[in-house]
């Protein structure tokens, strides 16, 4: 197609291919292959496309070095090769390769490029028309001098190795017309004074080493991210007045103290407010939940006290509410019924005392965490019109919740039934709230779970991740067979309750199960052989029940004896009772009055090990007594070991 001018195959992630050799004087003006599976290197013959004005190869699999002939494309106005595997070192002064004055956008981000900058070459050439410059993850170690770029609007130097203070001249770039600045994920610790923020719409300084007081953001800002730094003192009392047009504001993971200022309620356009992981005290301003624009409110991991205000707007847009790890008390506010879009509700680790919040049954909940409070009563909500069909994570552990577990309709939790359906054809996605039109996903929710005996911090929650934790409550009854319908379930913890009956064989249907804890209950019967088919399981605890019989062969026998202790009737590997490879198909031992009658068998593994030890030990003693050279070498080594571990001279 010698006359082809525009080629756009973008957003076809399964489409693969590579570049051919381009013929001289080609007619192509635009090549857009973004978000495809194209790979290979860029041919030198790309310079044979003198009319090429737009080249977008972002989010592909290209590799190798950027051919120097590319810089001869004088008509190029748009070049985006971000998120590939390009390699090589580019001295900053060589960016003069863009001699043409028409270049408007340059994005080299997120490759394996190394852009060198020294004192002698730290001044970029004048690019009259460039308005977007993105050099994220380019191993930059110093700020390039950009003062000459009078039309620059967007600058991204994130994920580099910049350190020290932000030079004050950077705020003057673009003659005050710059709207976007991203310096996140560097080693910056301060601001060179004096400085004045320009009219930025987007300011991202997260994941640096900034200290001291929180800087007042630009009054024009829409997105401000100061998270993951070392800012101290209190949040400025008037900060809300500078966020009147902001949609995103985060100061999470700092060391801020004091109370949440009332002025924050003046930021009525906020869709994401994240003040989590600080040392804030006082109460939650009642006006805050009343902000109908808020989609994410994250105040967890502070020292907030008082009650949760019952002031959620009748036009509530809330999708995520995180109040985890505070000292809140009282009840769950009934006005949450006004928030039908709520997907994440995390009030764990507080001092709340209430029955199960049935108003949440009318929401779109995916994650519900009530752990470590004082909730009581059962889980029955007779007036509920929905059954939490989207639920994928529920943690109500360490409360006083009771009731017959067999009455729960687990099969109605369709988010755990089908989350992994057709997983071969789907790409895994994170639970994301796209409130920032500028930075893609905008906000990734995080949650802390207790699984496999450990605390797990999920900073990114896969939409296919599912778990149930009912531990440390007062549930009774038999585990229903319907639990086996939750085929995408990864974690199941029903430990420390009063459950009876046998372990349902249907648990063997949970092929995605990675963690199972049924310990400290009153379960009886044998371990179903179906559990041996759970090849994905990495943590198992059935201890302290009333189980008996042989532990099924296979996967279950790879766990330690601690997973089965406290069940006096169990035998076979890995418990110490009758763990013999031979005779594994023998008959089940009899039980009488709760006593276990065991066969006496010879364990030839132990016999072999004992004989081997005796022979080696005897040989060592004989050589030590009868061979002088061996004796001198032996005691010499002993002396070396003694001096190494006990002498500190």
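Numbering (my numbering), first residue to last: 291 to 939. Glycine included, C-beta positions come from ideal geometry on N, C-alpha and C. None of the values given here were measured: they were computed from a predicted structure.
Alpha-carbon to alpha-carbon, residue j and residue i
| i | j | result |
| --- | --- | --- |
| residue 647 | residue 704 | 20 angstroms |
| residue 666 | residue 398 | 56 angstroms |
| residue 654 | residue 365 | 51 angstroms |
| residue 537 | residue 592 | 23 angstroms |
| residue 468 | residue 585 | 28 angstroms |
| residue 297 | residue 490 | 35 angstroms |
| residue 330 | residue 341 | 23 angstroms |
| residue 682 | residue 634 | 10 angstroms |
| residue 338 | residue 353 | 20 angstroms |
| residue 780 | residue 436 | 51 angstroms |
| residue 612 | residue 659 | 9 angstroms |
| residue 618 | residue 841 | 45 angstroms |
| residue 471 | residue 479 | 16 angstroms |
| residue 433 | residue 541 | 25 angstroms |
| residue 444 | residue 614 | 36 angstroms |
| residue 606 | residue 810 | 42 angstroms |
| residue 678 | residue 778 | 16 angstroms |
| residue 775 | residue 407 | 59 angstroms |
| residue 450 | residue 494 | 14 angstroms |
| residue 404 | residue 396 | 16 angstroms |
| residue 604 | residue 595 | 25 angstroms |
| residue 528 | residue 558 | 14 angstroms |
| residue 306 | residue 517 | 38 angstroms |
| residue 548 | residue 572 | 7 angstroms |
Beta carbon of residue i nearer than 8 angstroms to that of residue j
| i | j | result |
| --- | --- | --- |
| residue 319 | residue 348 | no |
| residue 772 | residue 701 | yes |
| residue 461 | residue 488 | yes |
| residue 290 | residue 695 | The structure shown has nothing for residue 290, since the chain only spans 291 to 939. |
| residue 475 | residue 500 | no |
| residue 502 | residue 521 | yes |
| residue 325 | residue 301 | yes |
| residue 321 | residue 345 | yes |
| residue 430 | residue 452 | yes |
| residue 580 | residue 546 | no |
| residue 763 | residue 662 | no |
| residue 393 | residue 371 | no |
| residue 505 | residue 532 | no |
| residue 857 | residue 835 | yes |
| residue 845 | residue 824 | yes |
| residue 814 | residue 792 | yes |
| residue 539 | residue 570 | no |
| residue 574 | residue 550 | yes |
| residue 308 | residue 294 | no |
| residue 622 | residue 598 | yes |
| residue 448 | residue 426 | yes |
| residue 608 | residue 577 | no |
| residue 323 | residue 299 | yes |
Where the alpha helix (DSSP H) containing residue i begins and where it ends
| i | result |
| --- | --- |
| residue 707 | 704-707 |
Extent of the continuous beta strand (DSSP E) to which residue i belongs
| i | result |
| --- | --- |
| residue 422 | 422-424 |
| residue 857 | Run containing residue 857: none; DSSP gives neither H nor E here. |
| residue 789 | 788-790 |
| residue 397 | 395-397 |
| residue 377 | 375-381 |
| residue 766 | 764-768 |
| residue 757 | 757-759 |
| residue 540 | 538-540 |
| residue 404 | 402-406 |
| residue 615 | Element bounds for residue 615: n/a, residue is neither H nor E. |
| residue 352 | 351-355 |
| residue 344 | 344-346 |
| residue 368 | 368-370 |
| residue 338 | Premise fails: residue 338 is in no beta strand (DSSP E) and is neither H nor E. |
| residue 589 | Premise fails: residue 589 is in no beta strand (DSSP E) and is neither H nor E. |
| residue 775 | Here residue 775 belongs to no beta strand (DSSP E), and DSSP marks it neither H nor E. |
| residue 562 | 562-564 |
| residue 362 | Where residue 362 is concerned, there is no enclosing beta strand (DSSP E), given that its DSSP letter is neither H nor E. |
| residue 296 | 296-298 |
| residue 528 | Segment: none, residue 528 is in no beta strand (DSSP E) and carries neither H nor E. |
| residue 515 | 513-515 |
### Task
Report the residue ranges of all beta strand (DSSP E) runs contained in full by the stretch 303-328; include only those spanning at least 3 residues, in chain order.
320-322
### Task
Please list the segments of the beta strand (DSSP E) lying wholly inside the stretch 428-509, counting only runs of 3 or more residues, in order along the chain.
444-446, 453-456, 470-472, 477-481, 492-494
### Task
Mind listing, in chain order, the continuous beta strand (DSSP E) runs of no fewer than 3 residues lying wholly within the stretch 650-692?
657-659, 683-685
### 3-residue-minimum beta strand (DSSP E) runs that sit fully inside the stretch 783-853, ordered along the chain
788-790, 805-807, 829-831, 836-840
### Query
In the stretch 594-639, which residue ranges form an unbroken beta strand (DSSP E) of at least 3 residues, counting only runs that do not cross its ends?
610-612, 617-620, 634-636
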